[in-house]
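This report refers to the structure that appears directly beneath it.
There are 2 protein chains.
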Amino acid sequence: MEKNRYEVRFGGSGGQGIITAAVILAEAAGVYGDFHVCQTQSYGPQSRGGRSKAEVIISKQEIDYPHVIKMDCFLAMNQPSLDAYFSDFEPNGLLIVDSTFVEQVPTSRAISLPFTRMAREDLGKEIVANIIALGAVVQLSGIISLASLEKAVLSRVPVKFRELNQQALQAGIAAAKQVNLGTLPRSSVTEEILI
Amino acid sequence: MEKNRYEVRFGGSGGQGIITAAVILAEAAGVYGDFHVCQTQSYGPQSRGGRSKAEVIISKQEIDYPHVIKMDCFLAMNQPSLDAYFSDFEPNGLLIVDSTFVEQVPTSRAISLPFTRMAREDLGKEIVANIIALGAVVQLSGIISLASLEKAVLSRVPVKFRELNQQALQAGIAAAKQVNLGTLPRSSVTEEILI
């Protein structure tokens, strides 16, 4: 991790496993890695209707403010969550969406991968879409090591489902490796103003 | 829930399932109940060594400060977590401990029940100690309805383990029903000072 503080938000509907993904990322960084981590989810009357969010703040120092200020990375598993929770996006952040359920992206700094379709068609279990996505998030963002991530995934999963989850993780990492982040535009608002 | 804002902390070691219990309580209140909920866990270098914590704030109104100010209820699944995270206890709050792993309690407002021993001996699966404890917490605190709690438990558990988790929940509720909260002393620090 290059920055001192890295902010990740996960958005999706109730059944998409974003809280599990956030808890696993938090444990990977805080238990299996050497970071300070704060992981939060909020619910309210608005959490019905297909949108919920979970946040993970990862820091080299103690965390004073445990909520997202500017998202460095936003994983959106469906359109309602993307629309509802995009507002705190850091202009040079990274948006990763499940193209199975997201049609419109509000930034050009977006990576679309079909996490749910991969889970369904390649692994036969739609339920591991969140683990595929998590593999892609960590591979693309480089926040923490893939070794810590794998330990955290395996510690959270019943023995019977270990192999499936390992395959899901590897599928997400492999898909992300095909992406060339260098081709994403960088925001240059500041420079434009200065010129 | 009588109060406007209710604060619950769960403490235990990594394998004791306190984060899962906190997530389930949060979903019971925020998705299946009508509350605003914020659920948080923090990790850091201190989270090794058998102590970790998770917090759930449940409120009738929007939550401005999403962390524990004074715990209304503290579930401690082991001694190191109890020792480390007791400090914010509300004097008339309720401490619930797993007597399998907790020997010393720092308040007389404590209920000791052998959650892990019950899980192991009565249900044959130590892993559901957290669900037994959660049943007891909700029965004793009355924060949310048992119906919401059951829905949240079942939504978080693979189909294969539903019956086991339902039994665990009922075992926790039944054990808590044996407890007479009326016999707990109430803190009277204020009155003593006034007299």
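One line per chain: the protein sequences are A and B, in this order.
Each residue of the first sequence is one higher than the one before, starting from 354 at the first, in the working numbering.
Each residue of the second sequence is one higher than the one before, starting from 354 at the first, in the working numbering.
We put the beta carbon where it would ideally sit given N, CA and C, even for glycine.
For residue i, the residue or residues it bridges with in DSSP
i: R358 (chain B); result: B:S412
i: V450 (chain A); result: A:A429, A:S465
i: F363 (chain B); result: B:A407, B:L428
i: G396 (chain A); result: The question names Gly, but residue 396 (chain A) is Tyr in the sequence shown. Y396 (chain A) pairs with B:V390.
i: F442 (chain B); result: B:M424
Own chain residues within Cβ distance below 7 Å of residue i, not counting five before or after
i: G386 (chain B); result: I497, S498, S501
i: A463 (chain A); result: L448, V450
i: E569 (chain B); result: This structure gives no information on residue 569 (chain B), because the portion of chain B shown stretches from 354 to 548.
i: L314 (chain A); result: Outside the displayed range of chain A (354 to 548) lies residue 314 (chain A), so it cannot be described from this structure.
i: E474 (chain B); result: none
C-alpha distance - residue i paired with residue j, whole-angstrom precision
i: G368 (chain A); j: A472 (chain B); result: 28 Å
i: D417 (chain A); j: H420 (chain B); result: 12 Å
i: T460 (chain B); j: Q492 (chain B); result: 20 Å
i: R404 (chain A); j: N483 (chain A); result: 15 Å
i: I371 (chain B); j: K406 (chain B); result: 7 Å
i: T453 (chain B); j: V376 (chain B); result: 23 Å
i: Q523 (chain B); j: F363 (chain B); result: 20 Å
i: G477 (chain A); j: Q520 (chain A); result: 11 Å
i: I422 (chain B); j: P511 (chain A); result: 35 Å
i: S494 (chain A); j: F439 (chain A); result: 18 Å
i: R485 (chain B); j: A528 (chain B); result: The amino acid occupying residue 485 (chain B) in the given sequence is Ile; Arg does not appear at that position. Straight-line Cα distance between these residues: approximately 9 Å.
i: P398 (chain B); j: V390 (chain A); result: 10 Å
i: R470 (chain A); j: E479 (chain A); result: 8 Å
i: F558 (chain A); j: K530 (chain A); result: A query on residue 558 (chain A) cannot be resolved here, the shown segment of chain A reaching from 354 to 548 and no further.
i: E545 (chain A); j: G535 (chain A); result: Interpretation of E545 (chain A) is limited by its pLDDT of 47, a score under 50 that renders its predicted location unreliable; the figure taken from the coordinates is listed afterwards. So the two alpha carbons sit approximately 21 Å from each other.
i: R358 (chain B); j: F388 (chain B); result: 10 Å
i: V455 (chain A); j: V384 (chain B); result: 23 Å
Beta-carbon gap between residue i and residue j smaller than 8 Å
i: Q315 (chain B); j: Q432 (chain B); result: The structure shown does not extend to residue 315 (chain B), since chain B is modelled only from 354 to 548, so the question has no answer here.
i: L428 (chain B); j: V481 (chain B); result: no
i: D549 (chain B); j: M430 (chain B); result: There is simply no residue 549 (chain B) to check, as chain B begins at 354 and stops at 548 in what is shown.
i: A374 (chain B); j: I411 (chain B); result: no
i: G633 (chain A); j: S465 (chain A); result: Not covered by the structure: residue 633 (chain A). The range shown for chain A is 354 to 548.
i: S508 (chain B); j: E355 (chain B); result: no
Beta-carbon contacts of residue i that lie in its chain and below 8 Å, excluding the five residues immediately before and after
i: N445 (chain A); result: R462, R539, S540
i: I526 (chain A); result: G488, A489, V491, Q492, L499
Residues near residue i in its chain [Cβ-Cβ closer than 6 Å; skip 5 each side]
i: F468 (chain A); result: D451, A482, I485, A486
i: S537 (chain B); result: Note on residue identity: the sequence assigns Leu, not Ser, to residue 537 (chain B). Taken in chain order, the residues that qualify are R462.
i: A437 (chain A); result: R404
i: V532 (chain A); result: I464
Do the segment 394-413 of chain B and the segment 498-511 of chain B touch if we need at least three Cβ pairs shorter than 8 Å?
no
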